[in-house]
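These notes concern the structure reproduced below.
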Amino acid sequence: MDLLTIGAFAKASGLSPKALRLYDELGLLRPARVDPFTGYRYYAVAQLDRARLVAWLRRLGMPLARIRAVSVLTGADAAREVRAYWARVEAETAVRRDLAAFLVTELTEAPGKGPTMLELRCAAHSDRGHVRPANQDTVYAGRRLLAVADGFGPAGAPASGAAVEALRFLDEEDGPRPGDVLNLLADAVRGAGDAVRDVTEGAGDAGTTLTALLWTGSRLALAHIGDSRAYLLREGGLFRITHDHSVVQSLLDEGRLTPAEAESHPQRSLLLKALGADPDLRLHEALPGDRYLLCSDGLTGVVPDDRIRELLAAAPDPETAVRTLVDAANTAGGPDNVSCVVGDVVPPVG
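Taken in order, the sequence shown gives residues 1 to 350; the numbers are from UniProt numbering.
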């Protein structure tokens, strides 16, 4: 067996001797031989391919635990895992990118330049559906706050109710300044998580999703966790502005499922995160004519996005929109509770 000293192997593999010693201790890359007297490490030439892969994956930022799993694979299997990892990184980076854009806007906005003030007109409707014995969804549509929470488990209804109730103080007459809104919403969502833990007594089989929009008069701050959704209808196009925290969505992101396969996947309702974990937070600039939809998966599970867009665009007002969408879900079988909140951004009257 051709052996290389740790120094020669480090140079050939692109890993430092310090890193090689660490990976030996972690069991990630064991030397082929260790001198019993000096403790000096020697590596086989045949180990170079694995070592170089480890070096590349570290440069990619992959955690050591995941590298351990990937480094024992070969060919297409290893490539699939790298692709899946990078898809997850891109999804997480997108959230941070939005926050960075918000900070840049806040820091460069001219002092004393006030945003154009608009108004929000909204409506909410929730229905048990045709199959579930009770409605575990909670919705809210106020002057400034829109929210949908989809409870699950034995205490699902109290959980969703507690989550929304904990946010209602945000609907006060004096709304937050745009620069404060994300911090305020983040704090409120943490409080909602505490309220849910109180009513569920920490039970792991009960909880709720939460998707909420907070209006500042010119912008909407979004907090989202779970698989309820928020959409924006703008100039006839429908855009989903949330990302599902579900097992099926993660498999879609990683290229392990096609959209067609996801529709009938047995774990399509299994969540990766629910209220109590860190939410996605972002800020949206509002334009006159925008229409926002918040909904539970009782709608999106049975009504395709194209049909949602048609119904949203055709409704003359938020009240008609929410009732039309709930009716569409029930017409499609109503297998789950279905809840919708619609908010229209309009110029102030007078």
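Ideal Cβ positions, reconstructed from N, Cα and C, are used throughout, including at glycine.
I need the DSSP call for residue i, collapsed to helix, strand or coil.
i	result
Leu-28	coil
Gly-153	coil
Ala-166	helix
Leu-60	coil
Pro-111	Any reading at Pro-111 must be qualified, since the residue scores a pLDDT of 49, below 50, and its modelled position is unreliable; no value is offered.
residue 353	Residue coverage of the chain in this structure runs from 1 to 350, which leaves residue 353 outside it and unanswerable.
Asn-330	helix
Leu-185	helix
Ala-147	strand
Ser-160	helix
Arg-128	coil
Leu-73	coil
Ala-277	strand
Val-338	strand
Ser-13	helix
Val-34	strand
Thr-300	helix
Leu-315	According to the sequence shown, residue 315 is Ala rather than Leu. Note: Ala-315 maps to coil in three-state DSSP.
Ala-134	coil
What does DSSP give as the partner residues of residue i in its beta bridges?
i	result
Thr-5	Tyr-42
Leu-270	According to DSSP, which records beta bridges pairwise, Leu-270 is partnered with nothing at all.
Val-345	Leu-120
Ala-141	Leu-146
Glu-285	Arg-219
Leu-251	Paired residue(s): none; Leu-251 is not in a bridge.
Arg-291	Leu-233 and Asp-344
Ser-246	Leu-271
For my contact list, residue i and residue j are in at a C-beta cut-off of 8 Å; report their separation, rounded to the angstrom.
i	j	result
Leu-3	Arg-33	6 Å
Val-70	Ala-78	6 Å
- Length at least 3, wholly inside the stretch 189-240: the beta strand (DSSP E) runs in chain order: Unbroken beta strand (DSSP E) stretches of 3 residues or longer found wholly inside the stretch 189-240: 210-215, 219-225, 229-234 and 237-240, given in chain order.
- Item | Touch test, the stretch 120-140 against the stretch 156-168, Cβ-Cβ under 8 Å, three pairs minimum | Taking one beta carbon from each stretch, the stretch 120-140 and the stretch 156-168 have 3 or more pairs nearer than 8 Å; the two touch.
- Message: Does the contact criterion of 3 or more C-beta pairs under 8 Å hold for the stretch 319-336 versus the stretch 287-303?
- Response: Under the 8 Å Cβ criterion, the stretch 319-336 counts as touching the stretch 287-303, having at least three qualifying pairs.
- Task: Take every Cβ of the stretch 309-316, pair it with every Cβ of the stretch 272-285, and state whether three or more of those distances are shorter than 8 Å.
- Result: By the Cβ rule, the stretch 309-316 does not count as touching the stretch 272-285, because fewer than three pairs are nearer than 8 Å.
- At a cut of 8 Å, does the stretch 239-251 reach the stretch 193-204 through at least three beta carbon pairs? Segments in contact, no.
- Determine contact between the stretch 37-55 and the stretch 10-25, defined as no fewer than three beta-carbon pairs at a distance below 8 Å. Yes, the stretch 37-55 is in contact with the stretch 10-25.
- Task: Give a yes or no on contact between the stretch 207-220 and the stretch 117-127, applying the rule of three or more CB pairs nearer than 8 Å.
- Result: At 8 Å Cβ cutoff, the stretches touch.
- Task: Evaluate contact between the stretch 78-88 and the stretch 227-240, counting only Cβ atoms and requiring at least three cross-stretch pairs below 8 Å.
- Result: Fewer than three beta-carbon pairs drawn from the stretch 78-88 and the stretch 227-240 are found closer than 8 Å, and the two stretches are therefore not classed as touching.
- Decide yes or no for the touch test of the stretch 126-133 against the stretch 182-195: beta carbon pairs closer than 8 Å, at least 3 of them. Flag = no, the stretch 126-133 and the stretch 182-195 do not touch.
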